[in-house]
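Residue numbers (our numbering): 50 to 357.
For glycine and all other residues, C-beta sits at the position ideal for the given N, C-alpha and C.
Note that the structure is a prediction, hence the values are computed from the model and not measured.
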Ligand code: F2R
Ligand code: MG
Ligand code: MG
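In structure tokens:
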């Protein structure tokens, strides 16, 4: 049971540490691995962005309701955004929050964006609490991932991206880090779960790319962009190609450039769920903004899970 607690804490803190480390390089080109390390060491405080701010909202709402409640989660996002709108949100969510505040239904507003909903990575980047909480219930996880995505990201590729990231966190939570990691099994599990061809193809590319030294090739095939399909598979690749080290997986994710905070947040969520909180370097954890609050949320989620 202690191991599971460590995984809950590792996934939520892994999200925040990855996000905060990647934030200063978001939108950049590829960066040398050592340069990322040097930048991380220079920072005195690791400040997180919308990725973590929204993951906090997901966790708060799951805790308050002991499970998923869409209207409550939407209102939690809105309340948190109103308090801290400066977290670097994508363009879509604030527009949706305004629509809901103006009377639009929580599960309808997001359909009005981008002619059929957003496929941005905003609903996948915040999904770690759902991945750990529903780690042993794939059907429940899929439904809650879709429904939670629908608040801001109604496009099928947005919803399925969120579900794929949640299931990667879930599989990592269920996997024993003391047994040899089998990337083919992990990827097969994800391939059997996900339904959309775009993601199925990307998962096949991940398997082919393992061991690839040319980062440009990885970015070319998997992407490093703001779209869910150009970032969720990339984060999965960062994890499966560095399964034994949180630090290596996250620094590698940032070194790929592009949407660095988000790809590192999602990589950190999977790696932290697999290896546990002890795997996150202490020198990073101690500099993380609101560390105790985020740890507290993970602890409370775990306790609710333990009580059944
Ligand atoms: N917003 C940012 N980074 C920009 C600068 C931040 C800066 N450091 C600062 O502090 O201000 N990062 C965050 O946004 C990403 C998540 O975005 P989200 O929540 O998915 O937003 P949105 O608007 O739904 O989608 C993002 C873009 O994707 C394109 N897009 C989405 N659906 C589309 C569709 N159906 N058709 C065409 N395009 C679509 C649009 O360009 C959207 O604007 C994370 O990186 C987070 O860190
Ligand atoms: Mg961000
Ligand atoms: Mg980002």
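Practice item. Drop a sphere of 10 angstroms on the beta-carbon of residue 90, count the other beta-carbons inside from all chains shown, and report buried for 16 or more, exposed for fewer. Key: exposed
Would you give the residue range spanned by the alpha helix (DSSP H) that residue 176 belongs to? Premise fails: residue 176 is in no alpha helix (DSSP H) and is neither H nor E.
(Q) Give me the DSSP bridge partner(s) of residue 160. (A) DSSP, once it has assigned bridges, lists no residue as partnering residue 160.
| request: Mark residue 63 as exposed unless 16 or more other C-beta atoms lie within 10 angstroms of its C-beta, in which case mark it buried. | output: buried
Review point. Whose C-beta lies closer than 6 Å to the C-beta of residue 359 among residues of the same chain, with five residues either side of it excluded?
Key: Since the first residue of the chain shown is 50 and the last is 357, residue 359 is not available in this structure.
Heavy atom of ligand 3 within 7 Å of residue 109 beta-carbon
no
Exercise for review: For residue 327, name the three-state secondary structure that DSSP assigns.
Suggested key: helix
ask   = Of all residues in the structure, which have a C-beta closer than 6 Å to any heavy atom of ligand 3, taken in chain order?
value = 75, 308, 310 and 311
Review point. If you drop the 5 nearest sequence neighbours on each side, which residues of the same chain put their C-beta closer than 8 Å to that of residue 278?
Key: 168, 206, 210, 247, 248, 251 and 272
### Query
Should residue 204 go down as buried or exposed, given a rule of 16 or more other Cβ atoms within 10 Å for buried?
buried
For this session: Please work out which residues of its chain come closer than 6 Å, Cβ to Cβ, to residue 230, disregarding the five sequence neighbours upstream and downstream, and give them in chain order.
Result: 292
Item checked: Backbone secondary structure at residue 351 - three-state DSSP -> helix
### Task
Apply the 10 Å Cβ neighbour rule to residue 198 and answer buried if 16 or more other Cβ atoms are within range, or exposed otherwise.
buried
#### Entry: Cutoff 6 Å; reference residue 215; Cβ partners in own chain excluding five residues on either side
176, 179, 180, 190 and 194
(request) Grab the span of the alpha helix (DSSP H) containing residue 196 for me, first residue to last. (result) 187-199
Residue(s) in a DSSP beta bridge with residue 77: 307
Helix, strand or coil: which one does DSSP assign to residue 169?
strand
Item to complete: Determine, using beta carbons only, whether residue 270 and residue 254 come nearer to each other than 8 Å.
Response: yes
Quick check: is the beta carbon of residue 141 nearer than 8 Å to any beta carbon in chain D?
This model lacks chain D altogether; it includes just one protein chain.
For a minimum of 4 consecutive residues, which ranges assigned as the alpha helix (DSSP H) are wholly contained in the region 210-244? 232-242
* **Bridge-paired residues (DSSP) for residue 276** => 169
Next item on the list: Excluding the 5 residues preceding and the 5 following residue 86 in the sequence, name in chain order all residues of the same chain whose CB lies nearer than 7 Å to its CB.
Entry: 300
(Q) Less than 8 Å between the beta carbons of residue 60 and residue 318, yes or no? (A) yes
**Asked** So, are the CB atoms of residue 375 and residue 196 less than 8 Å apart?
**Response** Because the chain in this structure spans residues 50 to 357, residue 375 falls outside the shown range and cannot be described.
Practice item. Report the option in 122, 357 and 290 whose CA atom is closest to the CA atom of residue 200. Key: 122
Could you tell me the distance, in whole angstroms, from the CA atom of residue 217 to the CA atom of residue 324?
13 Å
Let me confirm a value: residue 50 is counted as buried when at least 16 other C-beta atoms fall within 10 Å, else exposed. Which label applies?
exposed
| Quick one: what's residue 337 bridged to in DSSP? | 95
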